[in-house]
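Visitor: Converting from the sequence shown to this note's numbering requires adding 279 to each position, the first position being numbered 1.
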Amino acid sequence: RIRDILNANVFGHHSEDHGLKVDLQRLGNADRQTKMIQMQAANQRDGSGLWIQESLLNHSCTPNCTWFQIHDHIFIKSTRKVSKGDELCITYSEPLSTAAIHDKFSDWSGSGVGFRCMCERCTMMHNNPSLLAKEQEVYDAFTKAAELVTTHPVPMAVAAEMTLPEEKRNEFIRIFEELPPRCAAFTLEKLYAMNGAVLNSKGSDRLALTNFENAAQAYYAGYGAIYPYAKQLWRIVGSAMRCGRSEQAINALKRIRQMSCFDAAAGTSTPITQQKFAELTVHYAHPWWKDEMDHMVAQHLMQMARRVWSNAGA
């Protein structure tokens, strides 16, 4: 019973399974010494805990809040303007297709007990099977494209064309642009990102930049200023530099630096330093500026990120 309560309510720092869920299951039959060793390793990796009041927050696929933890403290932060009377919601998982969400949440506690998401996006999709099928098709295509890039020497542009051809991507964009932004965010972000990668490969760098900007706007509409949104902005940094638009790149870096949840949400419970900010900038922005690793480009991004960091703290 206690394990089920923890499974459903625990928070874990950047854990794929939302806290101790997998660790608890793994530890079920371990001996005492093994349990201690594994729990220490899990705590060093994730840092998980149960906060009673914060566990009352409901899930939404288009949340208006995010959370982060520093050591044994948890913080809830709004990610966009919240009107009086609005329910505060977080997301219980990484963004997924509504079909995948249904499967994931139907056994959320780990003991056959779960729930069905009834947020605005899921309600719309489940009431429109044709739209749901299109969303799932985009999700599957994007997932397959990412898999091809990761497991095979296939550029994202090629993978995008293989999994979802241009004509279909543009058709889907027209359909989803007609929906409320928060409901379309999950799908539009992926479609714009795929389009941008293809346009880059064709040398249409400015059109690619426009698509990456659209992808960032779509993501923000759905999820607000949370850490993955920073990755969208870093992509704009690299793409803008590719177009020779350094001022636009600097402005995107400034927006990342100003994100109040950034320090505690960038993959570590330790506040981000100037050096770490510069390294993350190189890691996420460089591939969108140059196709191959370039030492001079990396140095330029490092210096630019350091200047933005220093000026923000002045």
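Each residue gets a CB set at the ideal place from its N, CA and C atoms; glycine is no exception.
The structure presented is a predicted model; accordingly, all values stated were derived computationally and were not measured.
#1: Closer than 8 angstroms is the cut-off here; do at least three beta carbon pairs connect the stretch 498-505 with the stretch 428-445?
#2: Against chain B, with Cβ distances strictly below 9 angstroms, would L488 count as a contact?
#3: To the nearest whole angstrom, what separates the beta carbons of C401 and T377, a pair I think is in contact under 8 angstroms?
#4: Can you tell which of E456, F421 and N406 has the C-alpha that lies nearest to the C-alpha of A439?
#5: Checking the sheet assignment: what are the DSSP bridge partners for I355?
#6: On the premise that S518 lies in contact with W567, defined as a C-beta separation below 8 angstroms, what is that separation, rounded to the nearest angstrom?
#7: Inspect the CB distances between the stretch 409-429 and the stretch 466-476 and report whether three or more fall short of 8 angstroms.
#8: When you compare only the Cα positions, how much space is there between F394 and P342?
#9: Shortest alpha-carbon distance to I353 belongs to which of K510, V289 and M397?
#10: For the pair the stretch 505-522 and the stretch 560-575, tell me if three or more CB-CB distances fall below 8 angstroms.
#11: State buried or exposed for R485, treating a residue as buried only when at least 16 other CB atoms are found within 10 Å of its CB.
#12: Report the residue from F451, L329 and L443 whose alpha carbon sits nearest the alpha carbon of V477.
#13: List the endpoints of the continuous alpha helix (DSSP H) containing D573.
#14: Tell me, to the nearest whole angstrom, how far the beta carbon of L408 is from that of Y502; I am working on the premise that it is less than 8 angstroms.
#15: Is it buried or exposed for R461, if we count other Cβ within 10 angstroms and need 16 for buried?
#16: Thinking R534 and A591 are a contact (beta carbons under 8 angstroms), I'd like their distance in whole angstroms, please.
#17: Which ranges does the alpha helix (DSSP H) cover as unbroken runs of at least 4 residues, wholly within the stretch 470-534, from first to last along the chain?
#18: Can you tell me where the alpha helix (DSSP H) with P408 in it begins and where it stops?
#19: Who are L328's beta bridge partners in DSSP?
#20: Could you tell me the alpha carbon to alpha carbon distance between E571 and E492, rounded to whole angstroms?
#21: For a test of the three-state rule: what should DSSP assign to C462, helix, strand or coil?
#22: Leaving out the 5 sequence neighbours to the left and right, which residues in its chain are closer than 8 angstroms to W330 when beta-carbon positions are compared?
#23: So what does DSSP say about C368, is it helix, strand or coil?
#24: CB E399 to CB S362, shorter than 9 angstroms?
#25: Under 9 angstroms between the Cβ atoms of K469 and A494?
#26: For F384 and L335, what's the separation of their Cα atoms in angstroms?
#27: Output the distance between the C-alpha atoms of E526 and Q553, rounded to the nearest integer angstrom.
#28: Quick check: V516 and L411, are their CB atoms within less than 9 angstroms of each other?
#29: Alpha carbon to alpha carbon, how far is D573 from K360? Give it in angstroms, no decimals.
Guide: Let me spell this out:
#1: no
#2: As a matter of chain content, chain B is missing from the structure shown, which is built from one protein chain.
#3: 5 angstroms
#4: Comparing Cα positions, the closest option is F421.
#5: W346
#6: The Cβ separation is near 5 angstroms, so the contact holds.
#7: yes
#8: 17 angstroms
#9: V289
#10: Taking 8 angstroms as the limit for Cβ pairs, the verdict is that the stretch 560-575 does touch the stretch 505-522.
#11: Exposed is the call here.
#12: Nearest C-alpha to V477: L443.
#13: Here D573 belongs to no alpha helix (DSSP H), and DSSP marks it neither H nor E.
#14: Per the sequence shown, residue 408 should be read as Pro rather than Leu. Between Y502 and P408 the Cβ distance is about 25 angstroms, and since that is not below 8 angstroms, they are no contact.
#15: buried
#16: The Cβ separation is near 11 angstroms, so there is no contact.
#17: Within the stretch 470-534, the complete alpha helix (DSSP H) runs of at least 4 residues fall at 484-502 and 506-521.
#18: P408 to T430
#19: It should be noted that the sequence gives Gly, not Leu, for residue 328. DSSP, once it has assigned bridges, lists F290 as partnering G328.
#20: 23 angstroms
#21: helix
#22: F290 and I353
#23: Reduced to three states, the DSSP call for C368 is strand.
#24: no
#25: yes
#26: Taking the straight line joining both Cα atoms gives about 16 angstroms.
#27: 20 angstroms
#28: no
#29: 40 angstroms
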